[in-house]
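What follows is a short report on a single structure.
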Amino acid sequence: TVQLFHDHVLVKEPGTPTVTPWHSDRPYYFVDGIQTVSFWIPLDPVTTETTLRLVAGSHRWEKDVLPVRWLKGDDFYPDAADYLPVPDPDRDPDRYDVLEWALEPGDAIAFHFGVVHGARGNPGAGRRRAFSLRLVGDDARYVSRPGRTSPPFPDHGMVDGDRLRADWFPALIGSIS
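Residues in the sequence shown are numbered consecutively from 27, following my numbering.
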């Protein structure tokens with residue numbers, strides 16, 4: 027079974043210096059499981075200067091990376107000791123295997139919810155738009171987090187260990203019983 031978790035469009039306007047900080051999605055989401063995948067699909071040509079960047083193998087680290095509020099820079103959840111510090115592969119390039127590709131519209135990068143990723147700003151003259159799709163498989167279960175999740179899904183009524191609700195998160199392949 028493949029269930030839709032969520033989607034969104036990411037836009038960086040021309041001349042945007044702001045980076046997308048290094049992070050992994052898993053601690054922000056209320057989903058736990060191995061069968062998770064994010065697709066990042068550019069809608070405009072991207073160079074290695076504006077593409078999504080991933081830290082190879084980071085989904086297998088012993089802990090998730092600390093989720094932070096990007097605008098405020100503070101911790102997203104109260105107990106930072108439960109997480110690894112946010113890495114900075116740009117300052118320590120010999121320690122991390124960073125993957126990045128120039129892509130054309132419709133190409134796709136697929137990665138696990140636990141993979142650490144980020145992006146540089148957009149110094150070019152054109153917009154950098156990407157469609158992002160998050161899917162989960164049979165082993166995905168609801169897990170409560172110590173604060174709000176992103177994206178928030180208020181009043182979902184799920185408890186730890188539940189499959190994601192089929193009426194909120196439809197099955198794209200297979201069925202949910």
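Where is the CB? At the ideal position from N, CA and C, for every residue including glycine.
Cut-off 6 angstroms between Cβ atoms - residues of its own chain near residue i, not counting five sequence neighbours on either side
i       : result
Leu-125 : Leu-80, Ala-82
Gly-144 : Thr-46, Pro-47, Trp-48, Arg-79
Gly-140 : Ser-50, Arg-52, His-85
Trp-66  : Leu-78, Ile-135, Ala-156, Ser-158
Val-142 : Trp-48, Ser-50, Val-81, Ser-84, Val-91
Per DSSP, cross-strand counterpart(s) of residue i
i       : result
Gln-29  : Val-162, Ala-197
Pro-180 : Bridge partners of Pro-180: none, in fact.
Ala-136 : Phe-65
Ala-156 : Leu-36, Pro-68
Alpha-carbon to alpha-carbon, residue j and residue i
i       : j       : result
Leu-69  : Pro-47  : 21 angstroms
Phe-31  : Val-37  : 20 angstroms
Ile-60  : His-138 : 8 angstroms
Pro-115 : Tyr-122 : 6 angstroms
Val-72  : Ala-106 : 34 angstroms
Arg-155 : Ser-170 : 31 angstroms
Ile-135 : Asp-58  : 21 angstroms
Limits of the unbroken beta strand (DSSP E) element including residue i
i       : result
Ala-145 : 143-145
Pro-43  : First-last for Pro-43: undefined, no H or E at that position.
Ser-64  : 62-68
Residues near residue i by beta carbon distance below 7 angstroms, same chain, minus five either side
i       : result
Gly-150 : Pro-40, Thr-76
Arg-146 : Val-45, Glu-75, Thr-76
Phe-195 : Gln-29, Leu-30, Phe-31
Assigned exposure category for residue i - 16 Cβ within 10 Å defines buried
i       : result
His-34  : exposed
Pro-113 : buried
Pro-172 : exposed
Beta-carbon proximity list for residue i, same chain, < 8 angstroms, skipping 5 on both sides
i      : result
Val-28 : Leu-161, Val-162, Gly-163, Ala-197, Leu-198, Ile-199, Gly-200
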